[in-house]
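Residue 1 is where the sequence shown starts when you use UniProt numbering, and the numbers rise one by one after that.
Okay, so here's the structure we're looking at.
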Amino acid sequence: MVDRLVNSEANTRRIATVENCFGGAGVPLAIPGRVLVGEGVLTKMCRKRPKSRQFFLFNDILVYGNIVIGKKKYNKQHIMPLEEVSLEDIDDCPQYRNGWLIRTTTKSFIVCAATETEKKEWMAHINKCVEDLLKKSGKKPVEKHAAVWVPDAEATVCMHCKKTQFTMIVRRHHCRNCGAVVCGPCSSKKFLLPQQSSKPQRVCTSCYERLSNAVKQESAKISSNSLNTTTATANNKDTHNNANNESSGDDDSEDETNGSGNEQHDEPKFYGDSSILSTTETNNTAHVNSSHN
Ligand SMILES: [Zn+2]
Ligand SMILES: [Zn+2]
1 MVDRLVNSEA NTRRIATVEN CFGGAGVPLA IPGRVLVGEG VLTKMCRKRP
51 KSRQFFLFND ILVYGNIVIG KKKYNKQHIM PLEEVSLEDI DDCPQYRNGW
101 LIRTTTKSFI VCAATETEKK EWMAHINKCV EDLLKKSGKK PVEKHAAVWV
151 PDAEATVCMH CKKTQFTMIV RRHHCRNCGA VVCGPCSSKK FLLPQQSSKP
201 QRVCTSCYER LSNAVKQESA KISSNSLNTT TATANNKDTH NNANNESSGD
251 DDSEDETNGS GNEQHDEPKF YGDSSILSTT ETNNTAHVNS SHN
């Protein structure tokens, strides 16, 4: 169990090291009850191309950053609360090997591990942490996740009108609802996606119509009451799924020194339960394991 690490000196030391590596580029990470469960390098599918990112799995958050100097200096810290995280397995394909989807309400993207075993380890540990956390808080898993962005390179023409050709001047845009790569005219409208931002976000024309219709239907239902405002609690199940699984996140900050491509691979380290693979390997979600001996 991870719990036995809570007040351990080793855990305190490891978290302090992570804080030091981020330096001024990060927030303090040491809080009571927090445990560093694992760390390692994963390849994150970004908008322009795959990039190496250092990931840190805590028992309540998942943190990643750009690698400035391996094991010494990271920047561009991102923190994702595990309560919002859900994973989805991805089969190997020409673009991705050992990959899976990390979804949150504000951001969803694909990461790949170096080997199948490492992928299993990461997924099992993340799933276990999410499960434990939700059990403790009594909350339900989040159902609405941000769309996965289709990488720029996968669309040479607008995925909506199928006409506009992208060039240096004709820029690509991403629909925040479905993740499609679309041209300016096909994404001229904005819509409030409350789980992503308090401001209306760029959406493609189809999503705009679908979302507005859903809101209209919704407000027609409750029209006997006071008129609803424009909040988009639309009933649009899984509209992001039509972006199909081959896409990426929106974190596209450039690497400073990591472009040489000659880094050697280090296996990820996990500090908690090493038998996690055997106990949680079967279907991960919402499955109370009646473990055999
Ligand atoms: Zn278009
Ligand atoms: Zn869309």
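Ideal Cβ positions, reconstructed from N, Cα and C, are used throughout, including at glycine.
Q) Helix or strand or just coil, what does DSSP make of Glu118? A) Reading the sequence shown from its first residue, position 118 is the one you call residue 118. Glu118: helix per DSSP, three-state reduction.
(Q) Suppose contacts are defined by Cβ-Cβ distances below 8 Å. Is Val35 in contact with Phe58 by that definition? (A) As a first step, residue 35 must be located in the sequence shown, where it is residue number 35. As a first step, residue 58 must be located in the sequence shown, where it is residue number 58. Yes, the Cβ-Cβ distance between Val35 and Phe58 is below 8 Å.
Q) Can you list every residue whose CB sits closer than 7 Å to some heavy atom of ligand 1, going in chain order? A) Sorted by chain position, residues whose beta-carbon lies closer than 7 Å to a non-hydrogen atom of ligand 1 are Cys158, His160, Cys161, Lys163, Thr164, Val182, Cys183, Pro185 and Cys186.
Q) Which one or two residues does DSSP pair with Ser86 in a beta bridge? A) As a working mapping, residue 86 is identified with position 86 in the sequence shown. Looking at the DSSP assignment, Ser86 forms a beta bridge with Arg103.
Q.
Would you say the beta carbon of Val203 is closer than 7 Å to some non-hydrogen atom of ligand 2?
A. Locating residue 203 in the sequence shown gives position 203, where the first residue counts as 1. Yes; taking the cut-off as 7 Å, the Cβ of Val203 has a heavy atom of ligand 2 nearer than that.
Q: Could you name each continuous beta strand (DSSP E) segment of 3 residues or more that falls completely within the UniProt domain "FYVE-type" (152-212), going from the start of the chain to the end?
A: 189-191 and 201-203
(Q) Just verifying my parser: in three-state terms, what is the DSSP assignment at His145? (A) Here residue 145 corresponds to residue number 145 of the sequence shown, with the count starting at 1. His145 falls in the coil class under three-state DSSP.
(Q) Does Asp60 pass the burial test, meaning 16 or more other C-beta atoms within 10 Å, or should it be called exposed? (A) Within the sequence shown, residue 60 is the residue found at index 60, counting from 1. Buried, because 16 or more other Cβ atoms sit within 10 Å of the Cβ of Asp60.
(Q) Against chain C, does Lys48 count as a neighbour if the rule is that its beta carbon must be under 8 Å from one of theirs? (A) Protein chains in the displayed structure number just one, and chain C is not present.
(Q) Taking contact to mean 3 or more Cβ pairs, one atom from each stretch, closer than 8 Å, check whether the region 171-179 and the region 141-149 are in contact. (A) Touching, per the Cβ criterion.
Q: Check each candidate in Gly138, Gly24, Arg172 and Val203 and name the one with the smallest Cα separation from Ala153.
A: Here residue 153 corresponds to residue number 153 of the sequence shown, with the count starting at 1. Among Gly138, Gly24, Arg172 and Val203, the Cα nearest to that of Ala153 belongs to Arg172.
Q. Closest by CA to Gly138, which one among Arg202, Glu83, Pro268 and Arg210?
A. Mapped onto the sequence shown, residue 138 falls at position 138. Of the listed residues, the one whose Cα sits closest to Gly138 is Glu83.
Q: Specify the secondary structure class of Ala10 as computed by DSSP and reduced to three states.
A: For the purposes of this step, residue 10 is identified with residue 10 of the sequence shown, where counting begins at 1. The answer is helix: DSSP assigns Ala10 an H, G or I state.
Q) Can Asn213 be considered in contact with ligand 2, in the sense that its beta carbon sits closer than 7 Å to one or more heavy atoms? A) Residue 213 sits at position 213 when you count from the first residue of the sequence shown. No.
**Q.** Leu62: first and last residue of the uninterrupted beta strand (DSSP E) it sits in
**A.** The residue given as residue 62 occupies position 62 in the sequence shown. First-last of the beta strand (DSSP E) with Leu62: Ile61 to Ile69.
**Q.** Rounded distance between the beta-carbons of Ala30 and Ala16, thought under 8 Å
**A.** Within the sequence shown, numbered from 1, the residue matching residue 16 stands at position 16. Within the sequence shown, numbered from 1, the residue matching residue 30 stands at position 30. Indeed, because the Cβ distance is near 7 Å, the residues count as touching under 8 Å.
(Q) Closest to Asp266 by C-alpha separation, out of Arg47, Ala113 and Ser108, would be which residue? (A) As a position in the sequence shown, residue 266 is number 266, starting the count at 1. Minimum Cα distance to Asp266 is reached at Ala113.
Q: Please confirm whether any heavy atom of ligand 2 lies closer than 7 Å to the CB of Ser206.
A: Translated into positions along the sequence shown, residue 206 becomes position 206. Checking the Cβ of Ser206 against ligand 2 gives yes.
Q: Would you give the residue range spanned by the beta strand (DSSP E) that Cys112 belongs to?
A: Against the sequence shown, residue 112 aligns to sequence position 112. Where Cys112 is concerned, the enclosing beta strand (DSSP E) stretches over Ser108 to Cys112.
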